[in-house]
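Numbering (numbering that gives the first Met the number 0), first residue to last: 0 to 230.
Note sheet for the following structure.
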Amino acid sequence: MSIPAANLMTALRSGHSTSPRLTWYGPDSERVELSGRVLDNWVAKTSNLLQDELDAEPGMSIRLDLPAHWKSFVWALAAWQLGMEVVFDDTSADLLATDKPDDGAGAGFEAVVAVPLAALAMRWPGELPSGVVDYAAEVRSHGDVFMAHNEPEPTLPAVRGTSGLPHEDLIDGFAAAQEPGVRLLVRAADGLESCLAASLGAWKEDGSVVLVHPDLDVTEHLLENERVSRS
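Shown next, in the form of structure tokens:
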């Protein structure tokens with residue numbers, strides 16, 4: 000039995016696969032647009048990195064010490080596709096993905112991954128503590144198709160934060176309700192957990208997401224240019 004996250008990725012890479020599904024507006028005029036196929040490609044590579052390099056498997060947990068960002072969305076989807084629990088609070092976890100690695104970052108974790116947030120980063124900008132995995136340098140070498148070694152059980156935990164839900168309730172219980180085909184504005188200032196809930200709801204309804212960094216003004220020009228849905 001496939002878990003909802005795996006079914007969602009199948010839908011994103013299959014239906015209207017070249018249409019935008021996630022558009023990111025960041026500082027310094029940064030704009031990143033991912034189609035369903037490209038988003039699935041990033042998620043597959045990240046799932047393969049987790050499974051093949053970090054020995055992640057269903058039932059393990061990963062703390063996402065990351066802001067709301069398109070790469071953070073990739074990490075959450077990759078972990079869910081694998082059957083892992085995504086941890087949004089400061090409680091313990093098996094693995095850590097962070098944009099703030101330091102000499103003490105690895106305490107209590109089996110592995111730590113440094114995630115540079117710059118769109119074109121090919122490696123972490125500077126020295127990393129010993130043992131920390133450089134996401135940008137490693138992810139591109141992994142396969143574009145994800146094949147799980149072990150089929151996850153739907154009852155395994157999927158979310159730990161303000162809510163705690165199993166995988167079988169990820170889409171119907173965690174995702175926020177949205178209109179069919181919505182082009183949804185999501186403000187990164189709302190935090191990663193909230194932004195993911197909103198975005199899952201949009202994707203569930205065959206919609207797409209425009210994610211905007213907290214430092215950027217959401218102008219009328221941006222809304223019109225991205226054809227954001229209006230209520």
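We treat Cβ as the ideally placed atom computed from N, Cα and C, and that holds for glycine.
Worksheet item: What's the call for ASP216, buried or exposed, on a 16-neighbour Cβ count within 10 Å?
Response: For this step, residue 216 is matched to residue 217 along the sequence shown. Here ASP216 is exposed, its C-beta having fewer than 16 other C-beta atoms within 10 Å.
Worksheet item: What do you get for ALA92, buried or exposed, if any count of 16 or more other CB atoms within 10 angstroms of its CB means buried?
Response: Walking along the sequence shown from the start, residue 92 turns up at place 93. Buried, by the Cβ-count rule.
Worksheet item: What's the gap between the Cα of HIS141 and the Cα of PRO124?
Response: Here the question's residue 141 lines up with position 142 in the sequence shown. Here the question's residue 124 lines up with position 125 in the sequence shown. Roughly 21 Å between the two C-alpha positions.
Worksheet item: How is ILE2 classed by DSSP in three states: helix, strand or coil?
Response: Residue 2 sits at position 3 when you count from the first residue of the sequence shown. Reduced to three states, the DSSP call for ILE2 is coil.
Discussion item. Taking only three categories from DSSP, how would you classify GLU152?
Written reply: The residue given as residue 152 occupies position 153 in the sequence shown. Reduced to three states, the DSSP call for GLU152 is coil.
Practice prompt. Could you tell me the distance, in whole angstroms, from the CA atom of ARG159 to the CA atom of VAL85?
Written response: Looking up residue 159 in the sequence shown gives position 160. Looking up residue 85 in the sequence shown gives position 86. In this model, ARG159 and VAL85 are separated by some 6 Å (Cα to Cα).
Discussion item. Which same chain residues end up closer than 6 Å to ALA5 when comparing Cβ atoms and leaving out the 5 residues on each side of it in sequence?
Written reply: Position 6 of the sequence shown holds residue 5. Within the same chain, ALA5 has close Cβ partners GLN80.
Practice prompt. Pull up the DSSP beta-bridge partners for TYR24, would you.
Written response: To locate residue 24, count along the sequence shown from 1; it is residue 25. The bridge partners DSSP lists for TYR24 are ARG30, VAL211.
Discussion item. I'd like the list of long-range same chain contacts for SER228, defined as Cβ closer than 6 Å, with 5 residues on each side in sequence excluded.
Written reply: On the sequence shown, position 229 is the one that residue 228 refers to. Within the same chain, SER228 has close Cβ partners VAL181, ARG182.
Practice prompt. Might you give, ordered along the chain, the residues of its own chain that have their beta carbon closer than 6 Å to the beta carbon of LYS44, omitting 5 neighbours on each side?
Written response: Numbered from 1 along the sequence shown, position 45 holds the residue referred to as residue 44. Its chain contains VAL138, HIS141 as the residues whose beta carbon lies nearer than 6 Å to that of LYS44, once the 5 sequence neighbours on both sides are disregarded; these appear in chain order.
Item to complete: Have a look at GLY105, ALA78, ASP133 and flag the residue whose alpha-carbon is nearest the alpha-carbon of VAL42.
Response: The residue given as residue 42 occupies position 43 in the sequence shown. The candidate whose alpha carbon is nearest that of VAL42 is ALA78.
Worksheet item: Terminal residues of the continuous alpha helix (DSSP H) containing GLY200?
Response: Here the question's residue 200 lines up with position 201 in the sequence shown. In the DSSP assignment, GLY200 falls within the alpha helix (DSSP H) that extends over 191-203.
Fill in: Residue ranges of each alpha helix (DSSP H) within the segment 121-167, 4 or longer
For secondary structure counted as the alpha helix (DSSP H) over 4 or more consecutive residues, the segment 121-167 holds these complete runs in sequence order: 134-137.
Practice prompt. Please go through the segment 53-113 and give each complete beta strand (DSSP E) segment of 3 or more residues, from N-terminal end onward.
Written response: Entirely contained in the segment 53-113, the beta strand (DSSP E) runs reaching 3 residues are, in chain order, 60-64, 84-86, 94-97, 110-113.
Worksheet item: What did DSSP end up calling VAL185 once you bin it into helix, strand or coil?
Response: Counting from one through the sequence shown, the residue named residue 185 turns up at place 186. Look at VAL185 here: in three-state DSSP terms it is strand.
Practice prompt. Measure from the alpha carbon of PRO179 to the alpha carbon of each residue in ARG186, LEU155, LEU199, then state which is nearest.
Written response: Locating residue 179 in the sequence shown gives position 180, where the first residue counts as 1. From the listed residues ARG186, LEU155, LEU199, the smallest Cα separation to PRO179 is found for LEU199.
Discussion item. Based on DSSP bridge pairs, tell me the residues matched to PRO19.
Written reply: As a position in the sequence shown, residue 19 is number 20, starting the count at 1. Paired residue(s): SER34.
Worksheet item: How about TRP23 and LEU210: are their beta carbons less than 8 Å apart?
Response: Position 24 of the sequence shown, counted from the start, is the residue given in the question as residue 23. Position 211 of the sequence shown, counted from the start, is the residue given in the question as residue 210. Contact flag set, yes.
Fill in: LEU48 versus THR90, VAL144, ASP205, PRO26, residue with shortest Cα-Cα distance
Along the sequence shown, one-based indexing puts residue 48 at 49. If we check each option's Cα against that of LEU48, VAL144 comes out closest.
Worksheet item: With 16 as the cutoff for other CB atoms within 10 Å, does PRO231 come out buried or exposed?
Response: Residue 231 lies beyond the stretch modelled for the chain, which goes from 0 to 230, so this question has no answer here.
Worksheet entry | Boundaries (first-last residue) of the alpha helix (DSSP H) holding GLU223 | On the sequence shown, position 224 is the one that residue 223 refers to. Taken as a continuous stretch (DSSP letters only), the alpha helix (DSSP H) holding GLU223 covers 219-224.
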